[in-house]
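Read in numbering that gives the first Met the number 0, the sequence shown has 34 at position 35, and its numbers run on one by one without any break.
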Amino acid sequence: MEGGRLTQEQIAKVLRRAAELDRTPDDDPRLEAAAVEAAAVEAGLSPTSVSQALAELQVGALEPVLPARVGLLGPPSLTVQRAVPGPRSAVDTAVRAWLSGQLFEQRRQFGDRSGPPGRGCWPVSGEVSTSTTASPSMA
């Protein structure tokens with residue numbers, strides 16, 4: 000702790016420990032999403048950012064990434080994510096066309112990765128893209 004300032008890791012440890020100390024044995028360790036949102040906003044985070052983070056958590060986008068073995072040319076895979084506004088079919092078609100034009104081929108289809116309608120990182124109308132894994136074509 001330098002000059003009274005805490006790192007992100009230290010903040011997480013302090014808050015986690017304070018929650019442990021505050022809990023009684025029969026308390027449920029889980030919190031309602033609304034309580035987390037309220038606490039985050041009170042701590043100075045924007046409601047929009049907190050809602051997006053909660054939506055990403057619900058769809059599995061915040062799951063920890065296991066460290067990949069790094070070879071001579073770098074890691075064996077690359078993951079990129081981005082919220083793209085637009086109708087699902089149009090976004091999906093555009094992404095698939097672009098990947099195909101870059102000589103990628105579809106290997107796996109993960110389906111709809113959207114959160115609940117009207118919440119988080121997706122537009123209120125429920126317009127989302129599907130999540131796809133593609134690999135460079137060796138043809």
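Yeah, the Cβ is synthetic: ideal placement off N, Cα and C, and Gly gets one too.
Keep in mind the model is a prediction, meaning the values are calculated, not measured.
- Secondary structure of G70 (DSSP, three-state): strand.
- Residue environment for L53: buried (at least 16 other C-beta atoms within 10 angstroms of its C-beta).
- Excluding sequence positions up to five before and after P46, its CB lies within less than 6 Å of the CB of V40, all in the same chain and listed in chain order.
- In the DSSP annotation of this structure, the continuous segment of the alpha helix (DSSP H) that includes T92 starts and ends at R87 to G100.
- Your pair V83 and V90 checks out as a contact, with CB atoms roughly 5 Å apart and the cut at 8 Å.
- Contact between V49 and E36 holds, since their C-beta atoms are separated by about 5 Å, short of 8 Å.
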